[in-house]
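Input: a single structure, listed below in structure tokens.
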Amino acid sequence: MGISDSFQFVLFQLLLSKLSADKNSQIVMGGSFNRLMGA
């Protein structure tokens with residue numbers, strides 16, 4: 794993934810987390826963020 798693609802993906806995940814701000818979405822967001830940081 795390119796820098797811009799990763800950035801848009803993070804923004805999309807943040808939007809989903811705001812729309813459904815529960816424990817599960819926060820866990821998914823954390824996992825996605827950690828995976829991007831590790832890539």
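Residue 813 in the working numbering is what sits at position 20 of the sequence shown, and the numbering runs on without skipping anything.
Even glycine gets a Cβ: it sits at the ideal position worked out from N, Cα and C.
With contacts defined by Cβ atoms closer than 9 Å, L829 and F802 form a contacting pair. Cβ neighbours of F826 within its own chain (closer than 8 Å, five residues either side excluded): V803, Q806. D798 and L812 have their C-alpha atoms roughly 21 Å apart.
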